[in-house]
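Student:
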Amino acid sequence: MASLTVEALEDLAADPSPRRRRRPRVWRALILFAAAAYFILPIFAALRFAFQNDSNHFSLYAVRAIPSQVGFTAAFVLSLKLAFSTLVLTLLLMVPTTIYVHLRLPRMRRVLEFITILPIVIPPIVLILGVLRAAPLWLKSSPYLLSLVYVVLSMPFVYRSIDSGLSAIDLRTLVEASRSLGGNWVKTMWRVVMPNLRAGLLSASVLTLALVLGEFTMASLDLWTTLPVWIAQFQQVDAHIATAVAMLSLVGTWLLITVIVSLDRSESRRSRRRMGQ
Amino acid sequence: MTELASAPAPTASAPAGSRVVLDSLTRVYGRTRALDGFSLTIEPGELVALLGPSGCGKTTALRCLAGFEVPDAGRVLVDGVDVARVSAQKRDMGMVFQSYSLFPNMNVLNNVAFGLRMRGVHSAARKAKAVELLELVGLADQAVKYPHQMSGGQQQRVALARALAIEPRVLLLDEPLSALDAKVRLELREQIRALQQRLAITTVFVTHDQEEALSMADRVCVMSHGQAEQIAAPAVLYAQPSTAFVAEFVGVSSRVPVTRSGEGVVVFDGVVPVRGGISAVPSGDLDVLLRPEDLVVEADPAGLGVVTHVSFLGGTTRLHVGVAGATVKVDVRSSEAHTWPPGERVRLRVTSRDVLVSPRRAAAVVVEE
């Protein structure tokens, strides 16, 4: 029996049958191609449209005209303000909470996981209508109400990023080692936990920024003209320009993410060089 | 490994060992009493090992001393001051953990200097001290490496240097060798002991490995169910275990049912005195606990014992002798082991002056006499 098994395995390993070896590769290539087409074709179509004039010829007029369009700058600045205020609020809320749960209430991790998944389950329209009904007037008149809502929306991504970052390190031991060496809680968090959580924090930041910069429903229902709302409205005026802005916002978000990741990498290199001296 | 002899002695004032008293510590988790009135006194410069099976409370006791657990009752005295409610960062206790606890974002030098940084020591001074400690553990040439670039043994030596850098009043070692392979473990335990003696630092060492405890500690505290079963020097603990639990947990013991006879008990046809006197033994059926080296085996075709199994241990060979349902372990010189092959009928005789007895276990089988 044993020899049969070994022989069978050897046959399998030595089998040069092209059909057996090629089939998975073909399927892999097909799936990859289909997925790539699904993502790239719409972007390519939009990009092509953005660089055409009304006569369907290549033109840069749409890109050149963007800054002078009414409301564009205000919408762009508002989106940036909301993105960064959301990011700060989210990290301030989620980082200490997740660390506390990991250290002191590990049994609550599942509960927290369930709570943070609720924004995905609850439709955005239900969420914003509830918020608009419940929020006080002074808050309703401020665009930063959206930041508060975005904090809730980003919770599933932020919690998971930080949670996986914390799970990757021996948090309890690191904290106890720091405390036994004289580190108070603030120094322990700043010098030991945060640097080791950098990948998780970075991922949380990127996801939050991407979410806020692309969010439409909430902003539209709260009657604030953020960049996605402006794009949707401007489609009625000039579809080429609106599409060009959409493309630029896509590139802008990508650039922002690249800058954050690069900053993190260069900081890592700098700190290693510094500590190596 | 590290050449301790060539390493420089620490320049700073060697930490004078503190006297530690754990007084009637109790710590309860739900229905579990992790510590149940646990008491222990550790003299300055002494290394005491807390030894016991999993769940006996040894780590909880260490964590109470470190400040990571607050006891529900009892006192933690360090040099006469109760620190039971003092936070961990203010206790000045260096700790080496079971899992590698080096900060992954810092290189070795900064790991060792971390405690000094937390104390506001100037950069140059802390760097000099960190280098000095790294020399002490033989890793000065590894200062710029990161933890992930080092072996487990090296990481634990850095952790030891880091714990010592703050000149702690007490050094706490929480199973620091258990994650290492056997060879490194042996080397590192010798190194830890040498450093501890050289610095004369009061040290508490938690382990479930009796060999580690017996070889390193000045005294060993055997724990069970949150209490100290026996606190004694390793040789005393081994030769004169005060309870059946200690006898069975430390070293190898065979449990054999016996009957009373005058001032002693009948073991293998001979009467042997009971340790502490028969009057101190509770009434009821008894077992005797015998060390392998306290027995001799003699060939006897009419003997009650039969060799059932033979284990080669190097210099000695362990015979497993079946005696009326009980299995007794006896050590013989390996050069003579061929005399007693499995199936051989033998007679056993006790050579120790006295024996430890304990109430009989329900499962024990009575020896036919």
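Chains as they are written, first to last, in this note's numbering: chain A, 665 to 941; chain B, 3 to 371.
Built from N, CA and C at the ideal position, the CB exists for glycine as well.
Just so we're clear, the structure is a prediction, and the values are computed from it rather than from any experiment.
If you follow the beta strand (DSSP E) that B:Pro-259 is in, where does it begin and where does it stop?
Tutor: It spans 256-263 - the beta strand (DSSP E) in which B:Pro-259 sits, taken as one unbroken run.
Student: Going along the chain, which unbroken runs of the beta strand (DSSP E) with 3 or more residues stay wholly within the segment 37-108 of chain B?
Tutor: Runs found: 49-53, 75-80, 95-98.
Student: Can you find a CB in chain A that lies within less than 8 Å of the CB of B:Phe-40?
Tutor: Not one chain A Cβ lies under 8 Å of B:Phe-40.
Student: Quick one, which residues of the segment 822-843 of chain A are near chain B if we go by CB-CB under 8 Å, in chain order?
Tutor: Listed by position, the residues of the segment 822-843 of chain A near chain B (Cβ gap below 8 Å) are Ile-833, Asp-834, Thr-837, Leu-838, Glu-840, Ala-841, Ser-842, Arg-843.
Student: In whole angstroms, give me the CA-to-CA distance for B:Leu-79 and B:Ala-163.
Tutor: Taking the straight line joining both Cα atoms gives about 25 Å.
Student: CB-CB under 7 Å to B:Glu-370, same chain, minus the five flanking residues each way: which ones, in chain order?
Tutor: Any answer about B:Glu-370 is weak, because its pLDDT of 37 lies below 50 and its placement is not dependable; what the coordinates show is given next. Excluding residues within five positions, the ones whose Cβ falls inside 7 Å are Ala-326.
Student: Compute the beta-carbon to beta-carbon distance between B:Thr-319 and B:Val-334, rounded to the nearest angstrom, for a pair I have assumed lies under 8 Å.
Tutor: At roughly 6 Å, the Cβ-Cβ gap stays under 8 Å, so B:Thr-319 and B:Val-334 are in contact.
Student: Short check: CB of B:Val-238 to CB of B:Val-260, under 8 Å?
Tutor: Cβ distance not < 8 Å, so B:Val-238 and B:Val-260 don't count as in contact.
Student: Which residues of chain B have a Cβ atom closer than 7 Å to the Cβ of A:Val-856, listed in chain order?
Tutor: What A:Val-856 touches in chain B: Phe-105.
Student: Would you kindly report the start and end of the unbroken beta strand (DSSP E) that includes B:Ile-233?
Tutor: Unbroken beta strand (DSSP E) run through B:Ile-233: 229-234.
Student: Residue range of the alpha helix (DSSP H) that B:Phe-314 falls in?
Tutor: Looking at the DSSP string, B:Phe-314 is not in any alpha helix (DSSP H); the run it does join, the beta strand (DSSP E), is 307-314.
Student: Closer than 8 Å is the cut-off here; do at least three beta carbon pairs connect the segment 117-137 of chain B with the segment 194-202 of chain B?
Tutor: Flag = no, the segment 117-137 of chain B and the segment 194-202 of chain B do not touch.
Student: If we ignore side chains and look at the alpha-carbon of each, how far apart do A:Leu-830 and A:Gly-864 end up?
Tutor: Looking at the two C-alpha atoms, the distance is approximately 8 Å.
Student: Taking the alpha-carbon of B:Thr-341 as reference, which of B:Thr-61, B:Lys-185, B:Glu-300 has the nearest alpha-carbon?
Tutor: Measuring from the Cα of B:Thr-341, the nearest candidate turns out to be B:Glu-300.
Student: For the candidate residues B:Asp-356, B:Ser-313, B:Arg-257, whose alpha-carbon lies nearest to that of B:Ser-336?
Tutor: Of the candidates B:Asp-356, B:Ser-313, B:Arg-257, the one whose C-alpha sits nearest the C-alpha of B:Ser-336 is B:Ser-313.
Student: Just verifying my parser: in three-state terms, what is the DSSP assignment at A:Ala-832?
Tutor: Three-state DSSP puts A:Ala-832 in coil, outside helix and strand.
Student: Let me make sure I understand the geometry here. Which of A:Met-882, A:Pro-731, A:Pro-820 has the alpha-carbon closest to that of A:Pro-788?
Tutor: Checked all of A:Met-882, A:Pro-731, A:Pro-820; the closest Cα to A:Pro-788 is A:Met-882.
Student: Check whether the segment 832-839 of chain A touches the segment 98-115 of chain B, taking contact to mean three or more Cβ pairs, one atom from each stretch, closer than 8 Å.
Tutor: Contact holds: three or more Cβ-Cβ distances are below 8 Å.
Student: Confirm, please, whether the CB-CB distance from B:Ala-68 to B:Ala-219 is below 8 Å.
Tutor: No, the pair does not count as a contact, with Cβ atoms beyond the cut-off.
Student: By the 9 Å beta-carbon criterion, what residues does the segment 156-186 of chain B contribute toward chain A?
Tutor: Against chain A - using a Cβ distance shorter than 9 Å - the residues of the segment 156-186 of chain B are Ala-161, Arg-164, Ala-165, Ala-167, Ile-168, Pro-170, Leu-174.
Student: Taking all protein chains shown into account, do 16 or more other C-beta atoms lie within 10 angstroms of the C-beta of A:Arg-689, making it buried, or fewer, making it exposed?
Tutor: The residue is exposed, with fewer than 16 neighbouring Cβ atoms inside 10 Å.
Student: Does the beta-carbon of B:Gly-32 have 16 or more other beta-carbons within 10 angstroms, so that it is buried, or is it exposed?
Tutor: B:Gly-32 comes out exposed.
Student: 8 Å is my cut-off, CB to CB: does B:Met-120 come that close to chain A?
Tutor: Chain A, which has a Cβ nearer than 8 Å to the Cβ of B:Met-120, makes this yes.
Student: Please state if the CB of B:Thr-329 and the CB of B:Ser-256 are separated by a distance shorter than 8 Å.
Tutor: Taking 8 Å as the Cβ cut-off, B:Ser-256 and B:Thr-329 qualify as a contacting pair.
Student: Out of curiosity, what's the CA-to-CA distance linking A:Val-909 and A:Leu-791?
Tutor: The straight-line gap from Cα to Cα measures roughly 28 Å.
Student: Should A:Asn-848 be flagged as near chain B, meaning a C-beta pair shorter than 8 Å?
Tutor: Output row for A:Asn-848: interface = yes.
Student: Checking 8 Å against the spacing of the C-beta atoms, do A:Thr-852 and A:Arg-843 come in under that value?
Tutor: Result yes, Cβ atoms of A:Thr-852 and A:Arg-843 sit closer than 8 Å.
Student: From A:Leu-662 to A:Ile-826, what does the alpha carbon distance come to, in whole angstroms?
Tutor: The requested residue 662 of chain A does not occur in the structure, where chain A is confined to residues 665 to 941.
Student: If we cut at 8 Å on Cβ distances, does B:Gln-151 have a partner in chain A?
Tutor: With 8 Å as the cut-off, B:Gln-151 does not count as an interface residue toward chain A.
Student: Whose C-alpha, out of B:Arg-355, B:Leu-42, B:Asn-113, is nearest the C-alpha of A:Leu-845?
Tutor: Out of B:Arg-355, B:Leu-42, B:Asn-113, B:Asn-113 has the C-alpha closest to the C-alpha of A:Leu-845.
Student: Alpha carbon to alpha carbon, what distance is there between B:Arg-77 and B:His-311?
Tutor: Each residue's alpha carbon lies about 50 Å from the other.
Student: Kindly list the residues whose CB is nearer than 6 Å to the CB of B:Glu-295, restricted to its own chain and excluding five residues on each side of it in sequence; keep chain order.
Tutor: Closer than 6 Å at Cβ, skipping near neighbours: Asp-333.
Student: Could you check whether B:Leu-24 and B:Val-222 sit closer than 8 Å to each other, using their CB atoms as the reference points?
Tutor: No, the pair does not count as a contact, with Cβ atoms beyond the cut-off.
Student: Compute the distance between the beta-carbons of A:Leu-742 and A:Trp-918, then report whether it is under 8 Å.
Tutor: Going by C-beta atoms, A:Leu-742 is not nearer than 8 Å to A:Trp-918.
Student: Any beta carbon from chain B within less than 8 Å of A:Lys-851's own beta carbon?
Tutor: Yes, A:Lys-851 counts as interfacial toward chain B.
Student: At least one CB of chain B closer than 8 Å to the CB of A:Asn-720: is that the case?
Tutor: Judged by the 8 Å Cβ criterion, A:Asn-720 is not in contact with chain B.
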